[in-house]
Amino acid sequence: MKVLAVITALLGFLGVALGAFGTHGLRGMVEPELLSVWQTAVQYQMFHTLVLLSIVIAGNRHATSRSLLAISGWLLVAGSVLFSGSLYALVITGIKSLGMVTPFGGVLFLMGWLVLLFALIRVVDAEQAIGE
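First residue of the sequence shown? That's -1 in this note's numbering, and the numbers climb one at a time after it.
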């Protein structure tokens, strides 16, 4: 969980930095529709960074679900890299075919959420078993 925590913090840092760059650095340099693509990448990255933060906290609290939480976290990290990363690269390079990578990131996001569902069910079951 320690490595996942560090990566979560880095994704949050990069999300803020890339959001600011999109707002202040790209305005006037790229078409408005590409700024919207950039903003979508930032929003998905930041949203999933908050989920990752929750996963790290839960993973440190709930040993019974730690492995599932870690798998979920790594799927969300990979999803962020592929989804948001491909959109950032598309905007910066103008290579539209990079958009073909984006759905793979979306699938990894979905897989991460499904694994998180199973992890949370395990957490709730464990807490009910000990009367929390």
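Just so it is clear, CB atoms sit at the ideal spot from N, CA and C, and this is done for glycine as well. In this text, all values refer to a predicted model and were calculated from it rather than measured experimentally.
In the DSSP annotation of this structure, alanine 61 is not part of any alpha helix (DSSP H), being labelled neither H nor E.
Between threonine 100 and serine 84 the beta-carbon gap is near 5 angstroms, inside 8 angstroms, which marks them as a contact.
Beta bridge pairing from DSSP links arginine 120 with no other residue. By the beta-carbon neighbour count (other beta carbons within 10 angstroms, threshold 16), valine 121 is buried. CA-CA distance, proline 30 to threonine 21, rounds to 11 angstroms.
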